[in-house]
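**Student:**
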Amino acid sequence: MNFRTSAVLKSPFAVFTLLLAIKFCLASAVIFGEVSLQTFLAALPPAWAAFALVEAIAVKRRLLGYFIVNLLLTAIYFAVIMYYKYFGIIVTYHALAQIGQVTEVKGSVFQLLHPYYLLIFTDILMIAALAIWSKRFREWGNRPRQLSRRSAFGLLALASIVLCALQIVPNRHIVNELKQAERMGIINYQLYIMLSSGNERLLDPTVVTLENVNRLKETAADGNVDDAPTGFGAARGRHIIYIQLEALQDFLINLQVGQTEITPILNGLLGEAVYYPNVYQQVGAGNTSDAEFTANTSFYTPPAGAASEVYGDKSLPSLPKLLEQYGYRTATFHTNDVTFWNRDELYDALGFDHYYDQGYFEKEDLVHFGASDEMLYRRTAEKLEELAAGGSPIYANVISMSAHHPFNLPVHKNRISLPERFEGTFIGDYLRSQHYADYALGLFAEQLKADGIWDNSLIVIYGDHMGVPIYSLTDTDRELLHELIGEPYNYAQMLNIPLLLIAPGALEPGEKPQVGGHSDIMPTVANLAGISLQDHMHFGQDLLNITSNLLPLRYYLPSGSLINDEVIYVPGSSFEDGTVYPLQPDSSQELAGAVTKDQFERSLRLLQLSHSYVSRLPSRE
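The opening position of the sequence shown corresponds to residue 1 in UniProt numbering, with each subsequent residue numbered one higher.
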């Protein structure tokens, strides 16, 4: 076989390899921050395997085969870039199950879409045009091959598959998906996830116990273990109202731009609240619905996919079901269609008596996916007054949505003027949206007080997840954030959400330093309601009765990441080459040793315990 170099370089095999190499370099630069020789070489074997198979198998339509492979791999690279810009992790085929949500969040997609990302499809359009209008181009792509050359390409395909395996196998034990994809190559990583999906090892039921969870958490309780926990029953018999605020981050609390307070209502409520400024999100792919799941169950989100879709068919132990045993009537309120993120299944799984979705709220005064927060709170207050008249205590789960990414609030809802430098910026839009959401919250609080519900309730206010993804900020947005918070924006600020507990006359207001997460909300509320969780599986801790915490994370940072009392830890290819980020910007602590390998292994074990437990729960009838 005599392959002339010039002929090879001009062949479709070489040309399409070059095109995909350029696209990989773009994806690698966005995601990994650089294009190393290792990552570049890792990208070639899967492309070679596909192209060689086209050469070996396709006799008459090789150009079409090349085009299809190029289009498929290009689409994967594009999806990887877009997903990373919001979630900070590598997308997998699991996300295809969420494609139905894209029409609902198209504004967020367009906000993340920088025009130069679309250049990745330029060659697709050019090739399609040439294939339609140029006979010479079609002849070039479909030129007959000798049988011997087809056999050679068959051998090349086999060799490339072996090379793919040699890149996958040694790196399959890396926990951090970014490092795993960097070492394997993005396409090899996708293949690995597809081949290994469904093989997650569930732990033996005998080890999935509350005793083991408590041992792994190593949470020190205050006081004598035989004494009643601090705050136990302080809110016994009161209405319980969760108010989950969309994309609310803690740095907004007490933030002023000039003389303008961004969250004046929340700032005022601090005087009535037990305020936890060191609480961090624990959501997964489902974002808002995951926050609902975790705050109502104290379980962690699944390894892949939204909890509402992965666990929606289960009979979930939950706060609504616990409260029902104590005579509570339970309801959840959300202005979007209940089928969005499979909430109709989730709410049944959680055991809510009723849900009120888009059909309950008037379709006027729309913001984003449904009625505005003003309408949400007005109609919810009306229903709560009606329910309270029945004499039973109420548990209400209220989901705010008007401050949703990309924060393109209708002009008539804007209630503040910001300095000119904020005009036309993402950060400016975020501040305006959060100010409006805060205003609407104030109306809700006033109505609940007027109806006599506020003073007889435990009000739980918290953010569902971050609103400002660090991965997609422009230089201008970074500069504005730096100006607002006085330091470079970092992971700790991105993941930090506020938590306020308000029970007038029952809880002494004040700021608490404990580190916590979404999984800690339910145990804290149960304690205040006078409900023991000693025989109820949960993975969070009662924040009123702990001095330390360990929070495993899944999304927005790679798997294996965790938060302890001092730092955020992100693993590298192993524990040893991981990175730590202080939770407090002015921290003078020595970061070396701030996270131990034991904590890393315990956090992974906790995630495994949670998934093993929930996966084995019985399905709903």
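In this text, a Cβ means the ideal position worked out from N, Cα and C, and glycines have one as well.
1. Quick check: A239 and S457, are their CB atoms within less than 8 Å of each other?
2. DSSP three-state label for N408, please.
3. Which residues does DSSP pair with G463 in a beta bridge?
4. Using CA coordinates, which residue listed in M466, R183, P552, L481 is at the minimum distance from I31?
5. Would you list, in sequence order, the uninterrupted alpha helix (DSSP H) runs of no fewer than 4 residues that lie entirely inside the stretch 308–395?
6. Please classify L480: does DSSP put it in a helix, a strand, or coil?
7. Assign S472 to one of three DSSP states: helix, strand, or coil.
8. Check each candidate in G540, E382, S400, N490 and name the one with the smallest Cα separation from residue 701.
9. Would you kindly report the start and end of the unbroken alpha helix (DSSP H) that includes P264?
10. Could you tell me if H412 is buried or exposed, where buried requires 16 or more neighbouring beta carbons within 10 angstroms of its beta carbon?
11. Looking only at its own chain, which residues have a Cβ that is under 6 Å from the Cβ of C25, when we skip the five neighbours before and after it?
12. Expressed to the nearest angstrom, what Euclidean distance is found between the alpha-carbon atoms of G560 and V580?
13. Could you check if A14 is buried or exposed, using at least 16 other CB atoms within 10 Å of its CB as the buried criterion?
14. Assuming T297 and L316 are in contact, meaning their beta carbons sit under 8 Å apart, how far apart are those beta carbons, in whole angstroms?
15. Is the CB-CB distance between L350 and S289 below 8 Å?
16. Output the boundary residues of the alpha helix (DSSP H) element that contains T122.
17. Go to V213, then tell me how far its alpha helix (DSSP H) extends in each direction, as first and last residue.
18. By the three-class DSSP mapping on this structure, what secondary structure does V207 have?
19. Just how far apart, CA to CA, sit I174 and R143?
20. Taking the Cβ atom as the reference point for each residue, do S433 and A403 lie within a distance shorter than 8 Å?
21. Could you tell me whether the stretch 443–461 touches the stretch 515–528, where touching means 3 or more Cβ pairs closer than 8 Å?
22. Taking Cβ to Cβ, would you say F333 is nearer than 8 Å to T380?
23. Going by the CB atoms, is the gap between V567 and G578 shorter than 8 Å?
24. With distances taken between CB atoms, is the gap from D535 to L245 smaller than 8 Å?
25. Alpha carbon to alpha carbon, what distance is there between N414 and S11?
26. Once you ignore the five residues that flank A440 on each side, which residues in its own chain have a CB closer than 8 Å to its CB?
27. Once you ignore the five residues that flank P393 on each side, which residues in its own chain have a CB closer than 7 Å to its CB?
28. How far does the beta strand (DSSP E) with Y436 in it reach, from first residue to last?
29. With DSSP as the reference, please indicate the residues paired to N496 in a beta bridge.
30. When you compare each of V80, Y84, A506, A47 to L158 by their alpha carbons, which one comes out closest?
31. What do you reckon, are the CB atoms on N214 and L609 nearer than 8 Å?
32. Skipping 5 residues on each side, what residues in its chain have a beta carbon closer than 7 Å to that of P513?
33. Helix, strand or coil, according to DSSP, for residue 625 in the structure here?
34. Starting from T74, trace the alpha helix (DSSP H) both ways and give me its first and last residue.
35. Less than 8 Å between the beta carbons of P498 and I253, yes or no?
36. Put Q256 into one of helix, strand or coil per three-state DSSP.
**Tutor:** In short:
1. Looking at the sequence itself, residue 239 is His, so the reference to Ala does not match. At a Cβ-Cβ threshold of 8 Å, H239 and S457 count as neighbours.
2. coil
3. L245
4. R183
5. If one requires a minimum length of 4 residues, the alpha helix (DSSP H) runs lying completely within the stretch 308–395 are 319–324, 343–350, 373–388, in chain order.
6. helix
7. helix
8. Any property of residue 701 remains undetermined from this structure, which presents the chain solely from 1 to 621.
9. 264–269
10. Here H412 is exposed, its C-beta having fewer than 16 other C-beta atoms within 10 Å.
11. V35
12. 12 Å
13. exposed
14. Going by Cβ atoms, the distance from T297 to L316 rounds to 6 Å, so yes, they are a contact pair.
15. Their beta carbons are not under 8 Å apart, which means L350 does not touch S289 by this criterion.
16. 122–133
17. 210–217
18. helix
19. 44 Å
20. S433 places its beta carbon less than 8 Å from that of A403.
21. Flag = yes, the stretch 443–461 and the stretch 515–528 touch.
22. In this structure, T380 lies closer than 8 Å to F333 by Cβ.
23. no
24. No, the pair does not count as a contact, with Cβ atoms beyond the cut-off.
25. 58 Å
26. S372, D373, E374, L376, Y377, S400, S402
27. G237, R238, H239, G327, Y328
28. Note, Y436: premise wrong, no beta strand (DSSP E); alpha helix (DSSP H) at 426–450.
29. Y280
30. A47
31. no
32. N278
33. In this structure the chain extends from 1 to 621, so residue 625 is not present and cannot be described.
34. Element bounds for T74: 62–87.
35. yes
36. strand
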